[in-house]
Structures are given as structure tokens and as C-alpha cells.
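Chains A and W, in that order, give the protein sequences.
Just so you know, we're using my numbering here: the first sequence kicks off at 11 and counts up by one.
Just so you know, we're using my numbering here: the second sequence kicks off at 11 and counts up by one.
Built from N, CA and C at the ideal position, the CB exists for glycine as well.
Below is one structure, written out as C-alpha cells; comments come after it.
Number of protein chains: 2
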Amino acid sequence: MPHATVRDIAREAAVSVATVSRALNGHSNVRPEVREHIEAVALRLGYVPHAAARHLSSAKSGMIGVVVPDLHGEFFSELLRGMDREASERGLYCMMMVMHGDAQRGVAALHAMRGRVDGLVVMAPQVSADELLAHLPRGMPAVLVNCAPGQSGRTELRIDNVAGASALVEHLIATGRRRLVHISGPAGNIDADERLRGAQDACARAELSLRVLTGDFKEPSGAAAATILIEEGADIDAIFAANDMMAIGAMMTLKRAGIVVPDQIAICGFDDIPLTRLISPSLTSASIDIASFGASAVARLVKAIAGDDDGGVEQRVPIVMVRESTGPALRGHRVQNPSSIYNEKPEQSGTGELP
Amino acid sequence: MPHATVRDIAREAAVSVATVSRALNGHSNVRPEVREHIEAVALRLGYVPHAAARHLSSAKSGMIGVVVPDLHGEFFSELLRGMDREASERGLYCMMMVMHGDAQRGVAALHAMRGRVDGLVVMAPQVSADELLAHLPRGMPAVLVNCAPGQSGRTELRIDNVAGASALVEHLIATGRRRLVHISGPAGNIDADERLRGAQDACARAELSLRVLTGDFKEPSGAAAATILIEEGADIDAIFAANDMMAIGAMMTLKRAGIVVPDQIAICGFDDIPLTRLISPSLTSASIDIASFGASAVARLVKAIAGDDDGGVEQRVPIVMVRESTGPALRGHRVQNPSSIYNEKPEQSGTGELP
DNA sequence: CTGGATCATGTAACCGGTTACATCAAGAAC
DNA sequence: GTTCTTGATGTAACCGGTTACATGATCCAG
Numbered sequence: 011m012p013h014a015t016v017r018d019i020a021r022e023a024a025v026s027v028a029t030v031s032r033a034l035n036g037h038s039n040v041r042p043e044v045r046e047h048i049e050a051v052a053l054r055l056g057y058v059p060h061a062a063a064r065h066l067s068s069a070k071s072g073m074i075g076v077v078v079p080d081l082h083g084e085f086f087s088e089l090l091r092g093m094d095r096e097a098s099e100r101g102l103y104c105m106m107m108v109m110h111g112d113a114q115r116g117v118a119a120l121h122a123m124r125g126r127v128d129g130l131v132v133m134a135p136q137v138s139a140d141e142l143l144a145h146l147p148r149g150m151p152a153v154l155v156n157c158a159p160g161q162s163g164r165t166e167l168r169i170d171n172v173a174g175a176s177a178l179v180e181h182l183i184a185t186g187r188r189r190l191v192h193i194s195g196p197a198g199n200i201d202a203d204e205r206l207r208g209a210q211d212a213c214a215r216a217e218l219s220l221r222v223l224t225g226d227f228k229e230p231s232g233a234a235a236a237t238i239l240i241e242e243g244a245d246i247d248a249i250f251a252a253n254d255m256m257a258i259g260a261m262m263t264l265k266r267a268g269i270v271v272p273d274q275i276a277i278c279g280f281d282d283i284p285l286t287r288l289i290s291p292s293l294t295s296a297s298i299d300i301a302s303f304g305a306s307a308v309a310r311l312v313k314a315i316a317g318d319d320d321g322g323v324e325q326r327v328p329i330v331m332v333r334e335s336t337g338p339a340l341r342g343h344r345v346q347n348p349s350s351i352y353n354e355k356p357e358q359s360g361t362g363e364l365p
Numbered sequence: 011m012p013h014a015t016v017r018d019i020a021r022e023a024a025v026s027v028a029t030v031s032r033a034l035n036g037h038s039n040v041r042p043e044v045r046e047h048i049e050a051v052a053l054r055l056g057y058v059p060h061a062a063a064r065h066l067s068s069a070k071s072g073m074i075g076v077v078v079p080d081l082h083g084e085f086f087s088e089l090l091r092g093m094d095r096e097a098s099e100r101g102l103y104c105m106m107m108v109m110h111g112d113a114q115r116g117v118a119a120l121h122a123m124r125g126r127v128d129g130l131v132v133m134a135p136q137v138s139a140d141e142l143l144a145h146l147p148r149g150m151p152a153v154l155v156n157c158a159p160g161q162s163g164r165t166e167l168r169i170d171n172v173a174g175a176s177a178l179v180e181h182l183i184a185t186g187r188r189r190l191v192h193i194s195g196p197a198g199n200i201d202a203d204e205r206l207r208g209a210q211d212a213c214a215r216a217e218l219s220l221r222v223l224t225g226d227f228k229e230p231s232g233a234a235a236a237t238i239l240i241e242e243g244a245d246i247d248a249i250f251a252a253n254d255m256m257a258i259g260a261m262m263t264l265k266r267a268g269i270v271v272p273d274q275i276a277i278c279g280f281d282d283i284p285l286t287r288l289i290s291p292s293l294t295s296a297s298i299d300i301a302s303f304g305a306s307a308v309a310r311l312v313k314a315i316a317g318d319d320d321g322g323v324e325q326r327v328p329i330v331m332v333r334e335s336t337g338p339a340l341r342g343h344r345v346q347n348p349s350s351i352y353n354e355k356p357e358q359s360g361t362g363e364l365p
């Protein structure tokens, strides 16, 4: 026996399909006893509306699409979690789409979203926003997250990578470090490029040089960079990795080589994934509260779908979370510097933020 | 200007909608020059098919639904990653749905899947499979992952939690530990219950007692359990936590209290999330290769959708990955025991598996 | 030259909802 | 009592595809 439809209910309840539809959607112009009868019949037949049919006629799907470059690591899982939280609070569902850095795939994905979702959150740090937007289904609302800047005047969310990276490097310098290395993300990735620039800016202001090793945002590349430094016997006292995973990879490699962090070399990352608190020494990082960042993206998308989109760029300035990996002087404390972007909110040590 | 439809193309190309549909779907009975012409027109008009319309008429959506209890931590992110990988290889998209342990929500979610997805992967360790299945849209293929066993004879994937937990506890005992504590997951969660039982079985066989503290699979509850043990000054030499996050929480708390792991207390977890390799000491755990587990679930779902579903229960037996946290005798090595389920595959230290 | 097979194409129904508009009954105003 | 308004309900079009079936052209065998 196939699924019950509105026509089945209409026949069974001896009313028209229009009345069934109105009754089940809570329209006011249905007599109460008729409504109750229809609801009873619907329940008896086990009626469940067919989302695609509803979507087709009402032009609303109740779904939002999320395009991310990857799913590895805690950054994306936190981002998804925040998005899902916000979406489900509004009765929306999320579908996800990983583009794996492949622009070809990305375009196909965007096309596939037509007739599936009401709007898109697109995170594509490695391709130009304008290029992607050209392939967006016509009239599909979209929020861009950390895309290369375009002319489009689209709704955008971004992380102030330059400020965050500068603040981290300034923190390293303030704690006495002078011989700095940056492990960057892949060239062409806007987050990577901006974090590199922020680090370079801060070094330039302090009249220090900065050595740069290129990574790919994944943990093994941080480990590889550390191996190079160890083998060279490089004379350095601090490493700023462009994200936490590379920082962790580097730190583990240094520890295995007998180098003490932070006494001999300080390390900091970027993103402030939950993991930073769980390793030892805990990792200094720049925090944007990833989950809440994701939630904001969805919130703005919902506004855009409703049509009251302000269309501007919202920039999040990261907060430096000082932890053990850049001690020892400040070990376990936060930098208290009211004129800076450092955080001052207390954090329970080691418990993370799992609610 | 709204979106182009098949009728627009038909008018523009001076053919019928049927021919357009056939041409664009690669049916053979279309004259080559007609097909080319239609494709050219479609391209010129920027035609993108409307997924909901296609779904409605063809009864195929190209989407699979994933229902998970939570999104915290690396377990779910790895699971999703594996599912997404398998799905996208087959040209399918994933939509996800978090039930947050709320059966009410879960039922609503299952209903909402009707007309949205071609099939479901449902992971619901805390509710009965039969109860959930009762609310599945009629005829919707589904694969159950780690659900409480039901009579349904449904397609199921499960982890052999009892065997995994027993093997871990046997490993602890084999390395000389005798005063064991288990930090369990929440009661009523089938994974938690089975892991507890596995641990108890192994202890009973060795004629050892096992103290049990109840946690909730999240990191702070592991930390809390450790705090209790520390404050009591409990005389113990090993902790088996029911998952890695609680093990990590416990380990960090012990370390902060000056207790040396593994010398004074050995610790092991369960799940073998990527993180186990990145902390220090690295964490012994029972591995099922979460991503591949997720991929298998999707692969079986695809078979079920195609109709050649064998309908059985597929059980994965975890492999014990011995790492530093249960040393020192075996530190950094794997247990070589051909008659057991211990792994013998070499693992590059510290690089993780990020491909 | 004609009947039947083959093939490209068109017509129209259908998937399962929503909703504009028509209809009709009941109550209000005159 | 007639007309106008109001409100509940029904009819049928529509969303944008797919596809069963009808049609008509072409080609071949007899």
C-alpha cells in the first residue's frame, strides 16, 4: 500500500483537496469540526506530506545548503554544528556538500542545489567569490563565508585574519620571542594568505624577520615543517602556524624530538578548535567561536531568504586565547590589555565547551 | 527573469518538452543534431533542472538522510565524512538531522524526510529501533547504525562493543593492571551498556572487580570522574573510559593533579578518533575506522534502495590500538597476538590519517 | 506498390501538493 | 422579501519535470 496523499484524505473525509490542504496547514477559514475530522482521517491514514510536492507548488523547501571545502578536523565539525543548531531552531534542515577544493565539482554542486534548497551558505576560501556566484542558480540567496572578496556586494561573513594573525605574533613578541617562523596554509587560500600577511605586518612593525614554511592546513604538514626545522637545527624560538591542526602537528613533532614547548619554542595556532584545550601544553590560538560563526551565517541567510538582507560584509575579529604553549611567563593566564583584542573572559581550564 | 524550464527550451528550440527531457537525460532515441541543438539552447538559457520537480515525477531525489544523535566531537565528524565520501562517489547528496537524544524530535525528523530523501541512515543508540521504525515513512529504505536490537530484520550495522571492551580490558590486565575503573556512557545508550558489559565480562573472567563511574560520553564527564577518584585517593591503576573523549578528559585531569600516565594509571578509550594520536601520551583505544564504518552504512543503504538488500546485521569487531597511555612495557608498540583481535598493521607515529 | 517494422517526435497525463477563483448558503441591511 | 456581505467549501490550474502512448515518417520485404 503506497503512501496516503491529500486526495486520499479528501475522499475518505468527503471533502475537497483544497479543504484538506487548508485544514492541515492551519488556515483559519475551515470550520473547526471539519478540521478535526480531517486531522483524524489524516492520522488514521498515516499521512505524511511529500516534501518535494510541497516544495514544487509553494516554492519553499525548508532546506538550506552548506558548501564547505573539506570535512577534516574539528573546524568544520564545529562550523556544521553551529549551522545545524541555528537551522534546526528555525525548523530548517541542512544539506551539506563538500567541494574538496575542486572548482569543477563546486559548480556542479551549486547547480544541483536548484530546486533543493532555499538558500546557500558557501565557504570557499580557495576560489573567487565572483566565479562561484556566476554559477549560483538564479535568484538563490547566498551567504559567503571567507571567500575571496568580490565586487558583488553580496552578504558575506569573514574572519579578520590579518588582525588575528597580527595579534598572535604581537603576543609572541611581547613574551620575548624574536626568532619567528610561520607555517602557512596553501597559497591561493584566502585565509592562508591573509594570516601570512598579518604575521608579516606584525613582524615588519617590530622590525623582525619572519621565516615562512608552506603547509596545507592539515596536521602532517605542520609535522613536516617542524621536522625540517629540527633537521636544520634552526635557531628559532617561536612558531605561528596558520591553523591549529598544523600547530599541533608541529608541537607533537618537536616534543618527540625532545624540544620543550614553550620553554625552548613557543607555538600558537589559529581557529581555537576545542582540541586546543585538551592537549598538553594547551595551545594558544585566535578564537572566533566557530560554532557561533556558523550560526551567524545561517541567521544571515535566513534574513536574506526573507528578503531583508542588508547585503554587507560582517567581519569577526578573533580573540587571542593565551594558553600554555606560549608561556611560561603568562602560562594559564590571559593577556590583560584593554586596548587590544585579547579576550578577558575567564575560561574553565580543560573542560572545553561541550554543552 | 525567472529560471528557464523545459518548456522554455522546447519553445526556443521548436521541439516538444518530451524531446527536451529525453535529450537532456541522454536517452538514445533523439536525433544527434536535435540533441545538440537542444543542449545548445539549454546552455544559452542557463537551464538548470529543478530537483524537486524531477523528484516528484521520477520518485528519485538523489539524496540520503543521515540521522545522528549529536554533532559534538570527532566521532560524528568522522562518521559524516565517511558517509559523505561514499555518497558523493555515487553522485548522491547528504542531508543531516541531529536528534539530540529527543525521541519527539526524532519522530518529527523522520516524517520530514518523506519526499526529501531516497533512504536513511539512522544512528540512534539511545532509542529502540522498533519504535523509530514505526515512524519511518512507508517504504523508505533505512540502515540502522548501533540501534538497540529489534525484531524487524532490518538492515543494520553495529559495532561489537562487547568484544572491543573486553579486548581493551584484557589488554589492561595483560600489562599488569589489576585495580580497574570503568567510566561508562549514559545508561540506556546501547553503546554504553554494551561496553560496560564487555568490561565486566572480561573482569569476571579474570576474577577481578570493576568499579564503575557513570559519564555521558562527553569530555567534562570524564574529567569529573577523574576528579572524584583523585579526591578519594582511590587506589587504582587503570581506567577504561567508554569513549575517547571521556578518556581524554580523565587523562588531562589526572595529569594536572600530578599523576603520571601511564606509569601510575593506565588509560584507554574507545572509538579511536584521530585525536588519540595527537595527544600526549597518545591514547590506547578500540578502532573501528569510523569513516569507513560510515561509508559502509551508505554503501548498504544504496544497495537497499536498489532493492538488493540482504537485510542482515553487519557487525564490526574493533581492533585494539595500543599506544602510550597504556604503556610502559608496550609503549609505542602493538600487541602481537595472532589469536586476538589486536591490530598488526603498522601505523606511522603521530601523522594521523588525514589524507 | 503495399503492409509492417522501426524510429523520432509530439500530446497529454501524472507525480502530490498549494491556491486563485467560483460557488453557494447563511446572516445582515434595507 | 430582496440584495449585499461574509465565510466555508469546491473546482481546477499550476509548480516543472518524466514518460506512456499516439502519431507519422522512413525503410524494407514481399
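Asked	Found
Nearest candidate by alpha-carbon position, reference G198 of chain W, set W:G321, W:A134, W:L285	W:A134
Proximity to I74 of chain W [Cα-Cα], best of W:R126, W:N35, W:S38	W:R126
Chain W contacts made by the stretch 75 to 89 of chain A, where a contact means CB separation under 8 Å	L81, H82, G83, E84, F86, S87
Backbone CA spacing between G186 of chain A and A61 of chain W [nearest angstrom]	59 Å
Neighbour flag for L142 of chain W against chain A, beta carbons, 9 Å	no
Span of the beta strand (DSSP E) around C278 of chain A	276 to 278
Short-range partners of chain A found in the stretch 55 to 66 of chain W, where Cβ spacing is below 8 Å	G56, V58, P59, H60, A61, A62, A63, R64, H65, L66
Alpha helix (DSSP H) segments (min. 4 residues) lying fully within the stretch 74 to 119 of chain W	83 to 99
Residues in the stretch 284 to 298 of chain W having any Cβ partner in chain A nearer than 7 Å	L285, L288, I289, S290
Under the three-state DSSP convention, the category G304 of chain W falls into	helix
Reference A14 of chain W, options W:V40, W:V51, W:E43, closest by Cα	W:V51
Chain W within 9 Å of G125 of chain A, Cβ atoms only	yes
CB contact below 9 Å: C104 of chain W versus chain A	yes
A14 of chain A, DSSP secondary structure in three states	coil
M107 of chain W versus H82 of chain W: straight-line alpha-carbon distance, rounded	13 Å
Euclidean distance between Cα positions of A296 of chain W and G116 of chain A	36 Å
Close Cβ partners of L311 of chain A (< 7 Å) along its chain, the five nearest in sequence each way excluded	I74, G129, V131, P151, V153
Assigned exposure category for E99 of chain W - 16 Cβ within 10 Å defines buried	exposed
Sufficient close CB pairs (3 or more, under 8 Å) joining the stretch 298 to 305 of chain A to the stretch 136 to 148 of chain A	no
Closest by C-alpha distance to A8 of chain W, when choosing among W:V137, W:D245, W:L90	There is no way to answer for residue 8 of chain W, as the model of chain W reaches only from 11 to 365.
Euclidean distance between Cα positions of V155 of chain A and C213 of chain A	28 Å
C-alpha distance - V40 of chain W paired with I19 of chain W, whole-angstrom precision	15 Å
Burial state of R17 of chain A (16 or more Cβ within 10 Å)	exposed
Cutoff 9 Å: A122 of chain A Cβ touching any chain W Cβ	yes
Distance, S68 of chain W Cα to E43 of chain W Cα	27 Å
Member of A:A314, A:M255, A:R189, A:G72 whose CA lies at the smallest distance from the CA of I249 of chain A	A:R189
Secondary structure, alpha helix (DSSP H): runs of 4+ residues fully inside the stretch 208 to 287 of chain W	229 to 242, 254 to 266
Under 9 Å between C-beta atoms of A235 of chain A and A260 of chain A	yes
Residue-chain proximity (G72 of chain A, chain W), Cβ-Cβ < 9 Å	yes
Segment contact, 8 Å Cβ cut-off, at least three pairs: the stretch 314 to 329 of chain W with the stretch 165 to 172 of chain W	yes
Residues bridged to V312 of chain A (per DSSP)	Beta-bridge pairing links V312 of chain A to no other residue.
Buried or exposed by the 16-neighbour rule on C-beta atoms within 10 Å, applied to P12 of chain A	exposed
Reduced DSSP category for I183 of chain W - H, G, I as helix; E, B as strand; rest coil	helix
Beta-carbon gap between E204 of chain A and E84 of chain W smaller than 9 Å	no
For A24 of chain A, the three-state DSSP class (helix, strand or coil)	coil
Min CB distance M331 of chain A to chain W below 9 Å	no
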